[in-house]
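A.B. asks:
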Amino acid sequence: MKEQVVDLAMYNAGIRNPQGLAINPWSGALWLHEHGPRGGDEINIPEKGKNYGWPLATWGVNYSGLKVPEAKGEIVEGTEQPVYYWKDSPAISGMAFYASDVFAPWRHKLFIGALKDKEVIVMRVDGNTVTEEGRILGDRKQRVRDVRVGPDGYLYVLTDESDGQLLKVSPAATR
């Protein structure tokens with residue numbers, strides 16, 4: 360196979376340990392989520408030329424519990440604030456927007472896996488704003504590696520355990 364030539368340019372800066380990308384079907388914006396160190400997991404809408412803060416601005420601390428040495432605080436001039444953040448890290452993983460008509464209660468929701476919290480985070484989205492957060496599947500006590508919406512409208516959840524599973528989820532299964 361012949362190597363192809365590509366153009367490559369840095370799009371933005373200040374991203375720490377990205378875990379997922381998804382296109383918001385209602386706004387068309389690209390959403391990105393990332394792990395903070397200890398706390399500070401966040402969701403951003405990356406824009407060309409913007410700085411999303413890491414390591415200067417963070418809502419987390421080092422794993423030791425000490426301040427990140429380069430950090431200047433949570434809000435730093437010249438950096439963008441996240442769309443949403445968690446002070447206590449759920450260890451977010453894959454994400455998917457629900458735009459299907461199959462399960463009406465899930466429309467305009469964003470589903471995010473949580474490795475540490477061992478559940479699926481469900482967020483109501485209005486445009487590019489998160490207006491509500493809930494949780495499902497926590498009773499299973501399994502690390503959630505990824506979430507996807509299938510062409511059949513079901514939510515598929517991939518667990519990250521020694522006996523990992525692929526779960527097919529509908530609203531009735533979340534009770």
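When we follow the numbering used here, the leftmost residue of the sequence shown carries the number 360, and every step to the right adds one. Quick reminder that beta carbons are idealized off the backbone N, C-alpha and C, glycines included. Every value quoted in this text rests on a predicted model; they were computed, and no experiment measured them.
Report all residues from its chain with a CB closer than 8 Å to the CB of Tyr444; omit the five preceding and five following residues, and keep chain order.
C.D. replies: In the sequence shown, counting from the first residue as 1, residue 444 sits at position 85. Correct list, in chain order: Gly395, Gly399, Asp400, Glu401, Ile402, Trp418.
A.B. asks: Among Ala388, Gln363, Asn421, whose alpha-carbon lies nearest the alpha-carbon of Asp485?
C.D. replies: Here residue 485 is taken as the residue at index 126 of the sequence shown, counted from 1. Of Ala388, Gln363, Asn421, the residue nearest in Cα terms is Ala388.
A.B. asks: Determine the closest residue to Pro510 out of Ala458, Ile480, Met482, with distance taken between C-alpha atoms.
C.D. replies: Taking the sequence shown and counting its residues from 1, the one referred to as residue 510 is at position 151. When only C-alpha atoms are compared, the closest one is Ala458.
A.B. asks: Taking just the CA atoms, how far does Pro377 sit from Gly453?
C.D. replies: As a working note, residue 453 is residue 94 in the sequence shown. As a working note, residue 377 is residue 18 in the sequence shown. So the alpha carbons of these two residues sit roughly 10 Å apart.
A.B. asks: May I ask you to report which of helix, strand or coil DSSP gives Gly540?
C.D. replies: Since the first residue of the chain shown is 360 and the last is 534, residue 540 is not available in this structure.
A.B. asks: Judging by CA-CA distance, which residue of Ile374, Gln440, Pro449 is the nearest neighbour of Trp413?
C.D. replies: Along the sequence shown, read from residue 1 onward, the residue named residue 413 stands at position 54. Comparing Cα positions, the closest option is Ile374.
A.B. asks: Judging by CA-CA distance, which residue of Glu433, Glu429, Arg397, Gln524 is the nearest neighbour of Ile447?
C.D. replies: Indexing the sequence shown from 1 puts residue 447 at position 88. First, the residue type needs correcting, since residue 447 is Asp and not Ile in the sequence shown. If we check each option's Cα against that of Asp447, Arg397 comes out closest.
A.B. asks: When you compare only the Cα positions, how much space is there between Arg534 and Ile480?
C.D. replies: Residue numbering aside, residue 534 sits at position 175 when the sequence shown is read from its first letter. Residue numbering aside, residue 480 sits at position 121 when the sequence shown is read from its first letter. Annotation note: pLDDT 47 at Arg534 (below 50); position unreliable, coordinate value reported separately. Roughly 14 Å between the two C-alpha positions.
A.B. asks: Mapping DSSP to helix, strand and coil, what is Trp465?
C.D. replies: For the purposes of this step, residue 465 is taken as the residue at position 106 of the sequence shown. Trp465: helix per DSSP, three-state reduction.
A.B. asks: Mind checking which residues open and close the beta strand (DSSP E) that includes Asp485?
C.D. replies: Sequence index remark: in the sequence shown, residue 485 carries index 126 (1-based). Segment 478-485, the beta strand (DSSP E) holding Asp485.
A.B. asks: Does the structure place the region 462-481 close enough to the region 425-441 that three or more beta carbon pairs sit under 8 Å?
C.D. replies: No: the two stretches stay apart, fewer than three of their Cβ pairs being nearer than 8 Å.
A.B. asks: Given this structure, state the Cα-to-Cα distance separating Gln501 from Phe456, to the nearest angstrom.
C.D. replies: Position 142 of the sequence shown holds residue 501. Position 97 of the sequence shown holds residue 456. Roughly 21 Å separates the two Cα atoms.
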